[in-house]
Amino acid sequence: MKKYKEVSIDSTTQQMYERAQEMGIETVWERLEKQQPQCGYGLLGVCCRNCMMGPCRINPFGGEPTRGVCGADADTIVARNLLRMIAAGAAAHSDHGRHVALTLLIAAEMAEKFKKEGKPVLELDNMASNTLPYQVRDAEKLKAVAERLGIETEGKTIRELAKEVAEVALHDFGKQDEEALRFLKAYLNPKTYEVFETAAAKAGMPWFENGILPRGIDREIVESLHRTHIGTDHDPVSILLHGLKTSLGDAWGGSLIATELQDILFGTPQVIKAEANLGVLKEDYVNIVVHGHEPVLSEKIVEAAQDPELIELAQKYGAKGINVVGMCCTGLEVLMRHGIPIAGNFLQQEMAIVTGAVEAMVVDVQCIMPATVDVARCFHTKIIDTSPLATFPGAIHIKFDERRADEIAKEIVRTAVENFPNRSKKRVEIPKEKMAGYVGFSVEAILKHFGGNLKPIEEAIVEGKIKGVAGLVGCNNPKIKQDHNHIKIANELMKRDVLLIGTGCWATAAMKYGIFLPEYADTDNVGPGLREFAKEWGIPPALNMGSCVDCTRMLVLADLIARDLNVPISALPVVGSAPEAMTEKAVSIGTYFVASGITTHLGIVPPVLGGPKVVKILTQDLYDIVGAAFIVEPDPYKAARLMYDHIMKKRKELGI
Ligand code: SF4
Ligand code: MSK
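Once you know that position 281 of the sequence shown is 285 in this note's numbering, the rest is easy, because the numbers rise by one and skip nothing.
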C-alpha cells in the first residue's frame, strides 16, 4: 500500500485515500500496484493481437523473434497499435459530437412537428419553447456557425438554421467524396490547409490524395481499422500519416462539432467565478455528482435539480436542498456554462464516493471507472448509468432518451433524493478544501474580453511581455502523483512568461491550486511580463477553455492568431502538453495538435519505444512534414525547459 502523500499532491485526495485505506476499500492505486510489473512488451508497443496466428511479440533487445508470424516487424506493429489508439480516441470524441448534432436535429424536428400541431409558432421558430427538450440558447452563435459553413441565413428562422447546421455536421461524419470536411474548410486558415494538403507528398507518399485532409470523420476511423488489419498497411510512414488524418477528423470534425453545437444548444461560455475540489460537496444537501463527458445529460440534471417539487422532496427527507457537482469533463461543461462547482478530476472519482456524502453518481460516457460501482457498494451511493452505450454491471440503469430528456432527468434526480435517508451521517467525511477560480474562457469570451480581437495578446507576444502560449490538456494517470506534473509544468512555464490556456483534467487541477485566480499572477510562479499582462487585462495567468472536446477552442484561437499573422499555425510560438496523459483520446488530441502544427509534450511515454523508426518519425521527421512533432519527457522541469526552448525557437524564426 502506498503512503497517502505518494498518490497525490491534492490534500483532499490524500485525506480520502487514507480513509479508503482505513476502511479497506481498494482504489486505483492498489489496482495499479497489483499489476506490477506491467508487461514490458505492452509498454514498448511490440505485442500484436491483430490476428489469430498471434499474439506475437518482438524481442525488444534485437534478438529473435524480430518478426510476427505474418512477418510484421517491430515498427509495423508499433505504428499499427498507435493508429488503433488514435482511432479509438477520435471515435470517442466524434461519437460525442455526433450525439450533439443528433440532439440539435431532434430538437429542430420536434419544433417543426409541434408547429404543425398548432403550438405557439414564434417560440418554436426561435427554438425557445420549453415544450422542446432542448432549446437554442445561443442564436447568435448558430448564425455565426451557419455563416462560416456557407449556409444562407437571410430570411431563415432559428429552427430552419438549426436543422441545416445539424444536417451539415452529420454529413461530415458519413460523406464519401474525397473533399475535406466542410467544418474543417469553414474553420481552418488557408496556410495550415496547405500544410495538410501537401504533408503526405513531403513524406514521400503522393498517393494520399489531398494529403492528410480528412474526408469523412467516420471514414478515417474505419480506414484506420482496415489499414491495421493483418496483411494491409505495413509501412510505418503511411500508417502514421493516416493517424494524423484520423486525428484531424477528430480535431476539425468530431470535437469541433461537439463544442460548437453544444454552445448553440446550451450557451457559449462567458467568464464566471466558480469553485473546485471535493470541498464543494455539502454535508446537509443531497449530493449528485455528474461524471463523464456529454452535457446533453448533465445540463438536464442541473435543470431538474432546480425543480421546486424535487427540492421540496429533498427537504421532506431532511436535506436543505440538492447540490449538483461535476467530475471530469461533463463537470467542466456545466462549470464553464453555469458555474456549477467541480468536485475533481479523473483520480478523484472514487475519492468523491469515499466521502460517504454522495447520493448518486450519474455517469454517461468515457473515463468512468467500473470500480466506482465497487466503491459505491461500501456506502449508500447509487451509480446511475444513463448512456445506451455504457452499461455498468451493478449500477442502476436509467437510460437517457433526448426526446424525453426532462422526464428522465427528473427520474434520475428523484432517485438520488430518495436515497438521502439511506445516508449514514456517522460515515460522512467531506474534506474542507475547495478553491475559487474564473472559468468560461471560450474563444468568444476571450475576444470580448480583449475588445473584439486578439491584438492585445499578439502585441504582448511581439513585445516579448508574453513569450508564447502553451495549451495544457489531458488526464490524471496513477503512474504519476496526481496533479504533480500538471502544476509543476504550469508553474515552470508561467515563470518564463508563457501564457497558459487549457482544458480537461489539467484545467481542474489548475483550478484546485488557485491558478485561475487573477491574484495568482502575484505569486513567484509567474514571471514579470506575464504578471504585467494579466494585471493589465484583469485575467488570471492561465485560462480555462473547457472540456476535452473543447481542445478545439484552443485550435480555433491559434488559428485566429495564425490568420492575423498570415502564417500556418506551425509558425507560432505555441506549444502543447499532456503532462499526465492516460486515455486514447489524449493520444488523438496530442496527434491532432502536432498535425495542426503545435509541437506537443507528453509526460507519459506512449507505447512506441519498441519501434525506433516510429519514434524517429514522431519526434523528428514530423517537423519536416507538418512543422511540429512530439516531445516525450517524464521530468516536468526538463519538459517545461524543452517547451520553452521550442517557443523561443519559433520566436526567432518569426524575427521577434
Ligand atoms: Fe502476429 Fe502478424 Fe497476426 Fe499481428 S497480424 S498477431 S504480428 S501474425
Ligand atoms: S476527463 S480524457 S481523464 S482529461 Fe475528459 Fe480527464 Fe482525460 Fe478523461
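For glycine and all other residues, C-beta sits at the position ideal for the given N, C-alpha and C.
As the structure is a prediction and not an experimental result, all values here were calculated from the model.
If we define contact as Cβ-Cβ less than 9 angstroms, is Glu127 a contact residue for chain C?
Among the chains of the structure shown, chain C does not appear; only one protein chain is present.
Going by beta-carbon coordinates alone, are Asn457 and Asp568 separated by less than 9 angstroms?
Here residue 457 refers to the residue found at position 453 when the sequence shown is read from its first residue. Here residue 568 refers to the residue found at position 564 when the sequence shown is read from its first residue. Against a cut-off of 9 angstroms, the Cβ pair of Asp568 and Asn457 comes out as a contact.
For Ala280, list the residues DSSP reports as bridge partners.
Start at 1 with the first residue of the sequence shown, and residue 280 comes out as number 276. Partner(s): Ile346 and Met439.
Please tell me whether Asn85 and Gly49 are closer than 9 angstroms, where the distance is taken between their beta carbons.
The sequence position of residue 85 within the sequence shown is 81, counting from 1. The sequence position of residue 49 within the sequence shown is 45, counting from 1. It is a contact, given that the beta carbons lie within the stated cut-off.
Selected residue, minimal CA-CA separation from Gly46, among Glu158, Ala546 and Val82:
As a position in the sequence shown, residue 46 is number 42, starting the count at 1. For Gly46, the nearest C-alpha among the options comes from Val82.
Please confirm whether Cys332 and Thr107 have their CB atoms less than 9 angstroms apart.
Working through the sequence shown from its first residue, we reach residue 332 at position 328. Working through the sequence shown from its first residue, we reach residue 107 at position 103. Cβ distance not < 9 angstroms, so Cys332 and Thr107 don't count as in contact.
Could you name the residues that DSSP lists as bridge partners for Arg61?
Position 57 of the sequence shown, counting from 1, holds the residue named residue 61. Arg61 is bridged to Cys51.
Check the DSSP bridge columns for Gly607 and list the partner residues they point to.
Taking the sequence shown and counting its residues from 1, the one referred to as residue 607 is at position 603. DSSP, once it has assigned bridges, lists no residue as partnering Gly607.
My guess is that Val421 and Leu317 are in contact by the Cβ rule of under 8 angstroms, so how many angstroms apart are they, rounded?
Mapped onto the sequence shown, residue 421 falls at position 417. Mapped onto the sequence shown, residue 317 falls at position 313. Rounded, the Cβ-Cβ distance is 5 angstroms, consistent with contact.
Are the CB atoms of Glu116 and Leu126 nearer to each other than 9 angstroms?
Taking the sequence shown and counting its residues from 1, the one referred to as residue 116 is at position 112. Taking the sequence shown and counting its residues from 1, the one referred to as residue 126 is at position 122. The answer is no: Cβ separation not under 9 angstroms.
Name the residue from Pro532, Ser12, Lys642 and Met355 whose alpha carbon lies nearest to the alpha carbon of Ala464.
On the sequence shown, residue 464 is found 460 positions in, with the first residue counted as 1. If we check each option's Cα against that of Ala464, Pro532 comes out closest.
Residue from Met498, Val477, Leu561 and Ser15 with nearest C-alpha to Gly506
If you number the sequence shown from 1, residue 506 lands on position 502. Out of Met498, Val477, Leu561 and Ser15, Val477 has the C-alpha closest to the C-alpha of Gly506.
In whole angstroms, what separates the C-alpha of Val560 from that of Pro273?
Numbered from its first residue, the sequence shown carries residue 560 at position 556. Numbered from its first residue, the sequence shown carries residue 273 at position 269. C-alpha separation (whole angstroms): 15 angstroms.
Looking at C-alpha atoms only, which residue of Val379, Pro577, Gln370 and Met365 is the closest neighbour of Ile400?
Taking the first residue of the sequence shown as 1, we reach residue 400 at position 396. Of the candidates Val379, Pro577, Gln370 and Met365, the one whose C-alpha sits nearest the C-alpha of Ile400 is Met365.
Cβ-based burial, Glu406 [other Cβ within 10 Å; buried from 16]:
Position 402 of the sequence shown, counting from 1, holds the residue named residue 406. So Glu406 ends up on the buried side.
Following the continuous beta strand (DSSP E) through Leu504, name the residue where it begins and the one where it ends.
In the sequence shown, counting from the first residue as 1, residue 504 sits at position 500. That run of the beta strand (DSSP E) goes Val502 to Thr507.
Would you give the residue range spanned by the alpha helix (DSSP H) that Ala24 belongs to?
For this step, residue 24 is matched to residue 20 along the sequence shown. Taken as a continuous stretch (DSSP letters only), the alpha helix (DSSP H) holding Ala24 covers Ser15 to Met27.
Glu363 vs His384 beta-carbon contact at 9 angstroms
Along the sequence shown, one-based indexing puts residue 363 at 359. Along the sequence shown, one-based indexing puts residue 384 at 380. Yes, the pair counts as a contact, with Cβ atoms nearer than the cut-off.
To which residues does DSSP link Cys332 through a beta bridge?
Taking the sequence shown and counting its residues from 1, one reaches residue 332 at position 328. BP columns for Cys332 point to Gly296.
Buried or exposed: where does Asp649 fall if 16 or more other Cβ atoms within 10 Å of its Cβ makes it buried?
By 1-based counting over the sequence shown, the position of residue 649 is 645. Asp649 should be labelled exposed.
Can you round the beta-carbon distance between Asn349 and Cys509 to whole angstroms, since I take them to be within the 8 angstroms contact cut?
To locate residue 349, count along the sequence shown from 1; it is residue 345. To locate residue 509, count along the sequence shown from 1; it is residue 505. Yes, they are in contact, since the Cβ atoms of Asn349 and Cys509 sit about 4 angstroms apart, within 8 angstroms.
For the ligand MSK, I want to know if Ser551 counts as a neighbour, meaning its beta carbon is within less than 8 angstroms of at least one of the ligand's heavy atoms.
Here residue 551 refers to the residue found at position 547 when the sequence shown is read from its first residue. Yes, the Cβ of Ser551 comes within 8 angstroms of a heavy atom of the ligand MSK.
Could you give the first and the last residue of the continuous alpha helix (DSSP H) run that contains Ile593?
Indexing the sequence shown from 1 puts residue 593 at position 589. Segment Glu588 to Ala599, the alpha helix (DSSP H) holding Ile593.
Quick one: complete alpha helix (DSSP H) runs, 4+ long, within the segment 510 to 544?
532 to 541
For Ser98, does the count of other Cβ atoms within 10 angstroms reach 16, so buried, or fall short, so exposed?
Taking the sequence shown and counting its residues from 1, the one referred to as residue 98 is at position 94. Buried, because 16 or more other Cβ atoms sit within 10 Å of the Cβ of Ser98.
Inspect the CB distances between the segment 244 to 256 and the segment 202 to 221 and report whether three or more fall short of 8 angstroms.
yes
Would you say the beta carbon of Gly122 comes nearer than 8 angstroms to a heavy atom of the ligand MSK?
Walking along the sequence shown from the start, residue 122 turns up at place 118. For the ligand MSK, not one heavy atom lies less than 8 angstroms from the Cβ of Gly122.
Keeping to the same chain, check which residues put their C-beta closer than 7 angstroms to that of Leu314; ignore five residues upstream and five downstream.
Within the sequence shown, numbered from 1, the residue matching residue 314 stands at position 310. The answer, listed in chain order, is Ala308, Ile326, Lys414, Val417, Arg418 and Val421.
Terminal residues of the beta strand (DSSP E) in which Ile81 lies
Counted from its first residue, the sequence shown places residue 81 at position 77. First-last for Ile81: Ala78 to Lys120, but that is the alpha helix (DSSP H), not the beta strand (DSSP E).
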